[in-house]
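This report refers to the structure that appears directly beneath it.
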Amino acid sequence: MAEENAQQPSLRGKSRRERVEFARSRDILDVAHELNMELFRDGKNYRWKEHDSMVITPATNQWYWFSQRQGGDVIALVETIKEIGFNQAFEYLNEGTFKEFTVVNQVKEPFSYYLEPYEQFFVEARRYLKENRGLSDDTIDFFMIKEYLLKPMPR
Numbered sequence: 002m003a004e005e006n007a008q009q010p011s012l013r014g015k016s017r018r019e020r021v022e023f024a025r026s027r028d029i030l031d032v033a034h035e036l037n038m039e040l041f042r043d044g045k046n047y048r049w050k051e052h053d054s055m056v057i058t059p060a061t062n063q064w065y066w067f068s069q070r071q072g073g074d075v076i077a078l079v080e081t082i083k084e085i086g087f088n089q090a091f092e093y094l095n096e097g098t099f100k101e102f103t104v105v106n107q108v109k110e111p112f113s114y115y116l117e118p119y120e121q122f123f124v125e126a127r128r129y130l131k132e133n134r135g136l137s138d139d140t141i142d143f144f145m146i147k148e149y150l151l152k153p154m155p156r
């Protein structure tokens, strides 16, 4: 236990706000495990086996219990599960040896059009639209200029 506490930074002399922020920075999955919550993975999230309407999202370190219409951060989770107040919850998190939550910023790649090499070969599509669908050349050209016929719409 002494070794575990040695890894945790000292909170002595810290302001209340710093201690609350430290408590909020605890990893929600680690805290849930310490609270004996048996979780199962559901895509990117986790659900509590005892109440599967409770969803924990580790990417944001948040949770939401749909059937109870409540949720929040790791402090609110401790408050709810242990049925204690805010002060006791954040002290519990400060006294424990929990992993720290780290934000992983994912770089969103710009949308790219995978059909670019095929855009030049529109002869068959034009013939289909004209002969089978009965569209005029003006209508086809209008939609080509607007690029609705050439590329997929980004989501």
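Numbering-wise, the working numbering comes out as the position in the sequence shown, counting from 1, plus 1.
All C-beta atoms in this analysis are idealised placements derived from N, C-alpha and C, irrespective of residue type, glycine included.
Please read all numbers here as calculations on a predicted model, not as lab measurements.
- For the 8 Å CB-CB criterion, Ile-57 and Leu-40 form a contact.
- The region 7-57 contains, as complete beta strand (DSSP E) runs of 3+ residues, the segments 40-43, 46-49 (chain order).
- The C-alpha of Arg-20 lies about 8 Å from the C-alpha of Phe-91.
- Counting only the Cα atoms, Phe-144 lies some 14 Å from Arg-134.
- Of the candidates Asp-139, Leu-36, Lys-50, the residue whose Cα lies closest to the Cα of Glu-84 is Leu-36.
- For Gln-69, there is no enclosing beta strand (DSSP E), as DSSP marks it with neither H nor E.
- A distance below 8 Å separates the beta carbons of Ser-54 and Trp-66.
- Contact annotation, Ala-33 with Leu-94: C-beta distance approximately 12 Å; criterion of less than 8 Å not satisfied.
- Per DSSP, the unbroken alpha helix (DSSP H) holding Thr-140 starts and ends at 138-146.
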